[in-house]
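Enquirer: Protein chains in written order, with the numbering used here: chain A, 1 to 561; chain B, 562 to 1122; chain C, 1123 to 1683.
#1: Would you mind listing the beta strand (DSSP E) stretches within the stretch 1574-1648 of chain C that are 3+ residues and don't spill past its ends, in chain order?
#2: Excluding sequence positions up to five away, which residues of its chain have a Cβ less than 7 Å from the Cβ of residue 1038/B?
#3: Just to confirm, is the Cβ distance from residue 176/A to residue 1050/B under 8 Å?
#4: Is DSSP giving residue 236/A helix, strand or coil here?
#5: By the criterion of Cβ-Cβ separation under 8 Å, what are the contact partners of residue 1322/C in chain A?
#6: Is residue 668/B helix, strand or coil when you go by DSSP?
#7: What does a CB cutoff of less than 6 Å around residue 1604/C pick up in its chain, not counting 5 residues either side in sequence?
#8: Do you know offhand how far residue 682/B's Cα is from residue 717/B's?
#9: Name the chain B residues that come within less than 8 Å of residue 273/A, Cβ to Cβ?
#10: Starting from residue 241/A, find everything on chain B with Cβ-Cβ shorter than 8 Å and list it in chain order.
#11: If you draw a straight line from the alpha carbon of residue 944/B to that of residue 256/A, how long is it in whole angstroms?
#12: So does residue 806/B have its beta carbon nearer than 7 Å to some heavy atom of the ligand ATP?
#13: For residue 426/A, return the contacting residues in chain C, with the cut-off set at a CB-CB distance below 8 Å.
#14: Nearest-angstrom Cα distance between residue 1303/C and residue 1325/C?
#15: Chain A beta carbons: is any one of them nearer than 8 Å to that of residue 1356/C?
#16: Please state if the CB of residue 1312/C and the CB of residue 1490/C are separated by a distance shorter than 8 Å.
#17: Give me the Cα-Cα distance between residue 819/B and residue 1570/C, rounded to the nearest whole angstrom.
#18: Please look up how many angstroms separate the CB atoms of residue 778/B and residue 729/B, rounded, as I've assumed it's under 8 Å.
#19: Would you check if the distance between the CB atom of residue 701/B and the CB atom of residue 912/B is smaller than 8 Å?
#20: Output needed for residue 1028/B: all residues of its chain with C-beta closer than 8 Å, excluding positions within five of it in sequence on either side, in chain order.
#21: With a threshold of 8 Å between beta-carbons, can residue 231/A be considered close to chain B, or not?
#22: Is residue 1049/B close to chain A, meaning its C-beta is less than 8 Å from at least one C-beta of that chain?
#23: Curious, which full-length beta strand (DSSP E) runs of at least 3 residues does the stretch 197-274 of chain A contain?
#24: Excluding the five sequence neighbours on either side, which residues of its own chain have a C-beta within less than 6 Å of the C-beta of residue 891/B, listed in chain order?
#25: Can you tell me which of 291/A, 232/A, 162/A, 220/A puts its alpha carbon nearest to the alpha carbon of residue 174/A?
#26: What is the residue span of the alpha helix (DSSP H) that residue 133/A lies within?
#27: Taking only beta-carbon positions, decide if residue 350/A is within less than 8 Å of chain C.
#28: What do you reckon, are the CB atoms on residue 427/A and residue 349/A nearer than 8 Å?
#29: Give a yes or no on whether the minimum CB-CB distance between residue 1359/C and chain A is below 8 Å.
#30: Which residues in chain A sit within 8 Å of residue 1078/B, going by Cβ to Cβ distance?
#31: Please report the residue range of the beta strand (DSSP E) in which residue 149/A lies.
#32: Measure the C-alpha to C-alpha separation of residue 983/B and residue 148/A and round it to an integer number of angstroms.
#33: Use the C-beta contact count for residue 1241/C: other C-beta atoms within 10 angstroms, 16 or more gives buried, fewer gives exposed.
#34: Of all the CB atoms in chain C, is at least one closer than 8 Å to the CB of residue 476/A?
#35: Tell whether a beta-carbon distance below 8 Å holds between residue 1389/C and residue 1375/C.
#36: Would you give the residue range spanned by the beta strand (DSSP E) that residue 323/A belongs to?
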């Protein structure tokens, strides 16, 4: 016994040192430690070699949150430096920190990473910067942008066209969307859960027809002119938004409209309320009346290829996965023809409070996700390459901690490839309403809802064709399909032992989350009887006392997870 | 009355000041003011806030024209600096001015922007530099190049292949085009108005079979190897053009051709007349005889997909738009199968003297236009983004005048997005035979023919599939399709008033141009009776005297538009 | 006679001077002139204006070989600088030379240009750096990478997925390949000559089932996430390779697998043998047994589009070309459906010892070749543009020798286009097992096998659709299809004379190589009777004595070709 304990001592000391160090750091940083201690406490949950970093990030996150609170309390000066209250994450931080931030979490974009591109008393459109500017690792989706429209009750978004296809998801509220394509107006009502496509160049306008709720639309823009850039053109308009018509020279305007300059100036001189304007009850009624005339087109038989027929209600469909831990609703080119042009799948994941998605990856798609509601966190497993991404890559901004070998960049453009299999970096980020994140091809991800509320995420998956969602846990775990010999060789363990672990989880798609599953365990006694029996059996077959002791101690040291 | 006049005074003073300032600038710059005053005089035609710039540009344009005249009078030294008389716009200007030039009109390329890539006594091929080098805003068409072939009467362009697909339009003359594809020679006669495709890698040769006229072919090259780069390979040849065959090592040549080095050197030592050589009458006759044997293949039934069947005569088709102001002839993948591979539409716009195209934009296509004949001007309406384009973007070359807010470039690559709806910059450029211009997706454009002659423009529209030409004026004006409520809200004016303006123009596609329409008005009395009546009616309904006075004064001040 | 000789003198003097100069250079450089003299001697074989360069390159090549020999004798320090014995060509040379190297032969990559991305006692995966980093001229294939897997007898490559499609060719040995796609495991045996596709995201594992031979697989990776970058993800694994599963936080792992941390740590703590591990005889047998159950699927009827059905044996097919000089085996989307997704053709050229491929080019494809066996050399004919490529282009690294005109780079990005037809630069490179080379669209190439052994090359041709292999010599020479008049005009010679040269070679596809064909000639007497007669006939018809003398002298001077 004594010798066993002695042998475990070094390990435990290291662990304790780590935790104490973390605690010290935490204590020195915050006085109000409502959250920090909790964040730091969670770090023990991480693979051992990532714990120190976890504590560091906890600390940084808290500092940020602190700064934010400060700012909200009245320190808006900083945030306003660039003329908009909204600002941008970068404003509030030193250049150096900003760079670190970006290189550390190249795939997660907080609410403050969005920039307002349309501003109006009645609403706004906010957009993420182009992905390829955010990180070199995202240049594969440089043609796509994320944007969010918010419009006040009974407001009208004036007609415009853009040089990008728009795929929108109605996140909240209800309204009318109208497009003019090939000389035809199509006008349809939309409500929460609807997906719709407004193709590039089509004159498009919307109205929030509800009298009380905001209309919120999350969308991706598939740019077709300058990669990653989109622009709005207002045909109808006046001074604000300025009409493109009034930008032609006067003599051309007169000739084009067979009308005197005076009348034209008068017409183009009136609207100055901005892009999103307040509508009267009657106007809203008229817009809705026209829309109902067009109506929700039936989706079957399918319209001729390439023709738009109005929205597709995700939530009215059968979910492709559904259990008490969550539901997944999906629309792709097969179910919703309007998406065919864009090779995009739109899906909505509704993860029950305290539950999580089973770990999975997309075989071909890059997933662009936007959190609609709730709170939680995501974990994205990235190979080392991910560290070299972001703009800091150019200046060798990879932090020394995480780069294992000195590297010489052979050219400004190159990111050195690491040797395969040498470990991963896990991006772990809290997410809440307004967070966007990207999951690249092949990267395993897990999305965990906090206990307080459901986590709702809308996902736009580009490169959708032939994509396969590959699960790494649960009843449909792809690894269960390995040959017995492959399991033995890959895990260096008897196939039976591998199977026991891979087969234990019977649910699939959505699973009980970490806290939920632990409470459940507790309910069933500290451990399930079955598992204990199995472990005891193993114990009999030579498992030393050492591990058991270590386990017990760990539980005590960390406050009994 | 007096008070009304007093209220209009500030406005008129500003206007007068602007005009006087412009005149002063004009007067100080030129002594021979044949043209300048006219250009400057026209500036009053522009939206008020763009007038000062208009005057500036007038001035610069004139200076350029002046320099050009100088050069032509004997000052060729400058232009010859790079070994070719043709030179390039940039040569004749300081680096600074050049940068400005490019950032101001990123979409228009004068005759001198072309560079000679094939030079010969009997003709030339001139090409525009790659678009993505000209402006970042054009990187969406980086795979395409524009080139123009000119060949003397009875000349022969020796066989070659390139690493780019060639889509050609015969702008003038007649000849024979032959390609060797899949081991088959196809040889066909072409004449003015024909479109043909020579795919990448196909050995291609041409002859001008006419004894008196030049053969002129405008083409775009769709590069498939290095984006935006194309290269010629001469299989048959000698010293000039050097044959690729003679570039293999001698022993390989001997083995490949089972022939002695001496004979090979003799064969490859003869041709030294260049890429375009003079042909005998007999040779031309033989080439034409073979071509007529192959003949103009019928276009129906369609040949198997991907197979080339010779030229397609644009001018022999029914125009898709035709009135006395102009005609539009079009060929796309549906009418001309050879284009299917390239997602390109070729069209010819023939705009009558004094007329203009109705303002329109392309919903998905980027239009690459080349002026075949005539004179006129184009106006392209660009969002602010356009200012940041061009290479000068990197150094913050955006002129202070036009950037509304201080901007920090977040990375070398980034172009800051402006807020939407804050106005546009209109690129206005004179065009004449040899001018190329690009109209990006969604950008409204109008093409105006001068009174002297028809303006003929050949257009290559890339991203042709599902493109929609959206008109912003005329009977098919897309804005007429807006709901009544949408009109009211967008223009902040009664729908009836909006409709009056949008419905006044009854023609469509091509319209009377500015001068033509004004003369017409004059003919019908200073104003049409109908319109006057309407305005009077409005006047009765509360329209103040102020505007009327302003109108009258404006007309007097500007010399009676 | 005397005057004739006098007139030829200048020409001969120049020639002699060149040769003497070359010899002098050669003599001064090497003492052990086993090879050099032979290489230099061959330079006389080159077109006159390229000879001096040829000699230079001979010299440089020898120096390299010398250095390599040195290094192998014990000077490995240099090569090890970066932690791997394999190193990289660049390590052993000064930065300056390296740049030259790359700009001179942007299309050829020696064995040492590969970098190890997977390293293990039981094998390795080596990959070429991304093409667009190697040369700007190769940015058209930036989405593709070349890699080579070598696995010891009875070894197992652990399951992983990548964010790239893999198209593999089994170059040596035999084994089992298994993929898990759409929840199904497909497992098939492969042997030398098989082509197979493992799509992105599919869990894939392999085994070398042979007890004595290495398994070697040459493959291209078609990247779909970050252009030109691929990453491995190991689902099953432990410490080395680290499993992605163990990178999730502990609480997530516990919840996902419904298993205690202890058990998970135990499972993920075992495998530490690396990515390629030794398998037991029994395990190999089990893997093969499962594979044989799945079996080699029949290729007809074709499986539903997009579905993978196992390998395709190139060598079991009828070659598309076959004669005693070589055979070409091909697989494309039509014959092997798995390739359809990737627009890639895979082919194997087996060139008999001493023979060569007929000179040819691809009309649309870019060919990525990897030498499997044998020795020889390739010649690739490149327009001048090729010189500006590579990274040195940025610093104007083009050697003065070969740039004909002073050039101003208009932007950092631009490569000036040369005027067409002004000659080519021929890249000539020795190749042997492990050499990779790229032949861009339209570039003529010839591949010559040394006399010692067959030269075997596997080719991956991207942009395969509608590609045409265009031959420049042999019975199927495309130039033979030119009109008579075109021949006359292009060569400035009577069509009959052109035909005599173009028709002499009766074989096609693969031809006797330089040495072989010369020995053959010798066997038939110094010259074929027929040819001599023809030449005499020509002589009678006015051919001067001058040329004949020159010929004779040349033959004497160069040691009797």
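In this text, a Cβ means the ideal position worked out from N, Cα and C, and glycines have one as well.
Bear in mind the structure is a predicted one, so any value in this text is a computation, not a measurement.
Expert: Let me spell this out:
#1: The qualifying runs are 1577-1584, 1591-1593, 1632-1634.
#2: Numbered from its first residue, the second chain carries residue 1038/B at position 477. The residues are 1032, 1063.
#3: Stepping through the first chain from its first residue, residue 176/A is reached at position 176. Stepping through the second chain from its first residue, residue 1050/B is reached at position 489. With a cutoff of 8 Å on beta-carbon distance, residue 176/A and residue 1050/B are scored as not near each other.
#4: In the first chain, residue 236/A corresponds to position 236, counting from 1. Of the three classes helix, strand and coil, the one that applies to residue 236/A here is coil, per DSSP.
#5: Sequence index remark: in the third chain, residue 1322/C carries index 200 (1-based). Result: 363, 364, 441, 442.
#6: Position 107 of the second chain, counted from the first residue, corresponds to residue 668/B. In this structure, DSSP gives residue 668/B a state outside helix and strand, which the three-state scheme calls coil.
#7: Sequence index remark: in the third chain, residue 1604/C carries index 482 (1-based). Closer than 6 Å at Cβ, skipping near neighbours: no residue.
#8: Here residue 682/B corresponds to residue number 121 of the second chain, with the count starting at 1. Here residue 717/B corresponds to residue number 156 of the second chain, with the count starting at 1. Going from the Cα of residue 682/B to the Cα of residue 717/B covers about 12 Å.
#9: If you number the first chain from 1, residue 273/A lands on position 273. Taking a Cβ-Cβ cut-off of 8 Å, the neighbours of residue 273/A in chain B comprise 1053, given in sequence order.
#10: Against the first chain, residue 241/A aligns to sequence position 241. Near residue 241/A (Cβ distances below 8 Å), the residues of chain B are 981, 982, 983.
#11: Numbered from its first residue, the second chain carries residue 944/B at position 383. Numbered from its first residue, the first chain carries residue 256/A at position 256. Spanning the alpha carbons of residue 944/B and residue 256/A requires a straight line of approximately 21 Å.
#12: In terms of ligand content, the structure shown is empty, and the ligand ATP therefore cannot be addressed.
#13: The residue labelled residue 426/A in the question sits at position 426 within the first chain. Under a criterion of Cβ atoms nearer than 8 Å, the residues of chain C adjacent to residue 426/A are, in order, 1369, 1370, 1371.
#14: Looking up residue 1303/C in the third chain gives position 181. Looking up residue 1325/C in the third chain gives position 203. Residue 1303/C and residue 1325/C: Cα-Cα distance of roughly 7 Å.
#15: For the purposes of this step, residue 1356/C is taken as the residue at position 234 of the third chain. Cβ-Cβ to chain A under 8 Å: yes for residue 1356/C.
#16: Locating residue 1490/C in the third chain gives position 368, where the first residue counts as 1. Locating residue 1312/C in the third chain gives position 190, where the first residue counts as 1. Remark: C-beta atoms of residue 1490/C and residue 1312/C do not approach each other more closely than 8 Å.
#17: The sequence position of residue 819/B within the second chain is 258, counting from 1. The sequence position of residue 1570/C within the third chain is 448, counting from 1. Rounded to whole angstroms, the gap between the alpha carbons of residue 819/B and residue 1570/C is 15 Å.
#18: Your numbering for residue 778/B matches position 217 in the second chain. Your numbering for residue 729/B matches position 168 in the second chain. Taking 8 Å as the upper bound for CB-CB distance, residue 778/B and residue 729/B are in contact here, some 5 Å apart.
#19: Working through the second chain from its first residue, we reach residue 701/B at position 140. Working through the second chain from its first residue, we reach residue 912/B at position 351. With contacts defined as CB atoms closer than 8 Å, residue 701/B and residue 912/B fail to qualify as a contacting pair.
#20: Residue mapping note: residue 1028/B aligns to position 467 of the second chain, counting from 1. Contacts found: 906, 923, 924, 925, 926, 1022.
#21: For the purposes of this step, residue 231/A is taken as the residue at position 231 of the first chain. It does; some Cβ of chain B falls within 8 Å.
#22: Here residue 1049/B refers to the residue found at position 488 of the second chain. At a cut-off of 8 Å, the C-beta of residue 1049/B has a neighbouring C-beta in chain A.
#23: Assignment of beta strand (DSSP E) within the stretch 197-274 of chain A, counting only whole runs of 3 or more residues, yields 203-208, 215-223 in chain order.
#24: In the second chain, the residue the question calls residue 891/B occupies position 330. 881, 908.
#25: To locate residue 174/A, count along the first chain from 1; it is residue 174. If we check each option's Cα against that of residue 174/A, 291/A comes out closest.
#26: Here residue 133/A refers to the residue found at position 133 when the first chain is read from its first residue. 131-134 is the span of the alpha helix (DSSP H), which, as asked, contains residue 133/A.
#27: Along the first chain, read from residue 1 onward, the residue named residue 350/A stands at position 350. No, residue 350/A lies away from the interface with chain C (no Cβ there is under 8 Å from its Cβ).
#28: In the first chain, residue 427/A corresponds to position 427, counting from 1. In the first chain, residue 349/A corresponds to position 349, counting from 1. For residue 427/A and residue 349/A, no; Cβs fall outside 8 Å.
#29: Within the third chain, the letter at position 237 stands for residue 1359/C. Taking Cβ atoms only, chain A reaches closer than 8 Å to residue 1359/C, which makes this a yes.
#30: Here the question's residue 1078/B lines up with position 517 in the second chain. Those within 8 Å of residue 1078/B in chain A are 254, 255, 258.
#31: As a first step, residue 149/A is located in the first chain; it is residue number 149 there, counting from the start. Bounds of the beta strand (DSSP E) holding residue 149/A are 144-151.
#32: In the second chain, residue 983/B corresponds to position 422, counting from 1. In the first chain, residue 148/A corresponds to position 148, counting from 1. Distance between the alpha carbons of residue 983/B and residue 148/A is about 19 Å.
#33: As a first step, residue 1241/C is located in the third chain; it is residue number 119 there, counting from the start. By the 10 Å Cβ count, residue 1241/C comes out buried.
#34: Position 476 of the first chain, counted from the first residue, corresponds to residue 476/A. For residue 476/A, the answer is yes, since a Cβ of chain C falls inside 8 Å of its Cβ.
#35: Along the third chain, one-based indexing puts residue 1389/C at 267. Along the third chain, one-based indexing puts residue 1375/C at 253. It is not a contact, given that the beta carbons lie outside the stated cut-off.
#36: The count along the first chain starts at 1 and reaches residue 323/A at position 323. In the DSSP assignment, residue 323/A falls within the unbroken beta strand (DSSP E) covering 321-323.
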